[in-house]
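Per the working numbering, the sequence shown starts with residue 88, numbered consecutively.
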Amino acid sequence: MNTSKKEVSVLAKQHRAGWFFLLPATILIFVLNFYPMLQAFIISLKKGSPAALQWTTPIFNNYTRMFQDKLFIRSIGNTFLYLLIQVPIMLILAILLAQLLNNKDLKFRGLFRTMVFLPCATSLVSYALIFKSLFATQGLINSVLVNLGIFKDNFNFLGTPWSAKMVIIIALIWRWTGYNMVFYLAGLQNIEYSVYEAAKIDGANGWETFWGITVPLLRPVIVMTFIMSINGTLQLFDESMNLTGGGPANSTITMSHYIYNNSFGQGVGNFGYSSALSFVVFIMVAVLAFINLKVGDKRD
């Protein structure tokens with residue numbers, strides 16, 4: 088009887104110790120994440136200047152207003168265009184590069200890995216300004232294309248809607264491919280090399296091995312990188328702000344850039360409407376992440 092009581096006492100102490108260690112992190116998460124989210128939702132139901140916010144009438148007026156906001160609808164279209172083009176290309180390149188750089192017979196693997204990952208270490212503002220200068224009317228890209236005879240005259244990449252969008256997509260692929268490659272490389276290094284040797288003995292070629300072994304075993308990593316890429320693209324800001332300024336004529340503006348303009352870029356901040364827009368972005372991210380988790384979870 089005494090032994091059982093002692094065991095219960097030890098378990099109770101362990102549970103208390105566990106909650107004791109979890110409590111600081113739980114408090115920080117609540118204070119820094121959930122409480123601001125709650126406050127943002129409350130503000131999204133208000134209107135007026137930041138110093139004199141009042142409840143909207145009707146209460147969800149900010150949410151219904153956005154359906155008539157043509158510029159916000161355009162920003163949604165731009166953001167999803169970047170998402171649908173950039174994310175698949177970037178992740179495919181990342182997994183192919185990881186497969187190539189995981190070859191144990193490849194010389195200077197460390198150098199090549201560093202070179203591919205290096206763009207990710209570049210400041211967001213710095214790399215946006217670099218691409219802005221590269222694709223300027225008198226920039227390096229125009230000089231090369233004109234000298235090669237591809238273009239007769241310099242082309243205004245950043246002043247044409249479709250080309251400005253393509254510049255943003257190219258910049259995103261250049262910067263974030265190496266970041267995702269690191270995750271795939273880590274996943275590949277956890278796959279036993281004997282699995283590939285067995286597939287080779289069975290007569291599988293490189294393409295069959297890639298689709299039959301590499302991709303299925305990397306499924307959890309692929310799902311994770313896909314969710315992170317979707318999350319990052321839906322919150323895309325720096326490229327729209329620093330590379331194109333949202334132009335020409337708001338043709339490249341993203342949702343986050345539009346939220347910023349409503350909050351800080353147009354005189355008196357419209358924090359109520361901006362908070363409502365932010366919650367819509369949050370719901371989009373949550374829904375797409377949930378769909379990806381369900382699609383990627385193949386457990387029986």
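Think of the CB as a built atom: it goes at the ideal place given N, C-alpha and C, for glycine as much as any other residue.
Secondary structure of residue i, DSSP reduced to three states
i, result
"Q173", "helix"
"L375", "helix"
"M88", "Its pLDDT being 49, under 50, M88 is placed unreliably by the model, and the measurement read from it follows with that caveat. If DSSP states are grouped into helix, strand and coil, M88 belongs with coil."
"D192", "coil"
"L312", "Leu is not the amino acid found at residue 312; the sequence shown has Thr there. T312: helix per DSSP, three-state reduction."
"D325", "helix"
"A223", "coil"
"D387", "Note that D387 has pLDDT 47, beneath the 50 cutoff, so the model's placement of it is unreliable and no number is given."
"L168", "helix"
"R103", "helix"
"I129", "helix"
"G333", "coil"
"E279", "coil"
"N148", "helix"
"T341", "coil"
"A319", "It should be pointed out that residue 319 corresponds to Gly in this sequence rather than to Ala. Of the three classes helix, strand and coil, the one that applies to G319 here is helix, per DSSP."
"A286", "helix"
"L183", "helix"
"G293", "helix"
"N357", "coil"
"L380", "helix"
"V367", "helix"
"L115", "helix"
"L305", "coil"
"L98", "helix"
Contact with chain D by residue i, beta-carbon distance below 9 Å
i, result
"Y271", "As a matter of chain content, chain D is missing from the structure shown, which is built from one protein chain."
Nearest candidate by alpha-carbon position, reference residue i, set the options
i, options, result
"T264", "V212, I182, Y280", "I182"
"Y271", "V310, F244, A286, A285", "V310"
"V374", "A291, L321, F222, G236", "L321"
"E284", "L221, T301, A273, M268", "T301"
"W249", "M177, L184, R152, L168", "L168"
"Y214", "A363, T331, N357", "T331"
"T166", "I288, G299, H102, K252", "K252"
"T296", "V308, Y280, I146", "Y280"
"D156", "T209, L235, I378, M342", "M342"
"R306", "I278, A138, V233", "I278"
"I163", "N329, H344, L184", "H344"
"A376", "M315, V212, F128, N329", "M315"
"L323", "I288, S136, L170", "L170"
"W186", "W298, G226, I130", "Reading off the sequence, residue 186 comes out as Gln, not Trp. Cα-wise, what sits closest to Q186 is W298."
"S220", "L198, A258, L205", "A258"
"L304", "Q276, N329, I228, E326", "Q276"
Nearest-angstrom beta carbon gap, residue j and residue i [assumed within contact, 8 Å]
i, j, result
"R161", "I317", "Actually they do not touch by this definition, with Cβ atoms about 20 Å apart."
"K66", "L140", "Since the first and last residues shown for the chain are 88 and 387, residue 66 lies out of range."
"N149", "Y360", "5 Å"
"F222", "F238", "With 8 Å as the limit, F222 and F238 do not qualify as a contact, their Cβ atoms being about 13 Å apart."
"M177", "L364", "Between L364 and M177 the Cβ distance is about 26 Å, and since that is not below 8 Å, they are no contact."
"F204", "V269", "6 Å"
"S362", "A127", "5 Å"
"R262", "T209", "7 Å"
Paired residues, beta bridge with residue i - DSSP
i, result
"K134", "Q141"
Near the ligand PLP: residue i beta-carbon under 8 Å from a heavy atom
i, result
"Y122", "Among the ligands in the structure shown, none appear at all, so the ligand PLP cannot be discussed."
Can you check the region 189 to 275 for any beta strand (DSSP E) of at least 3 residues that lies completely inside it and give the ranges in chain order? none
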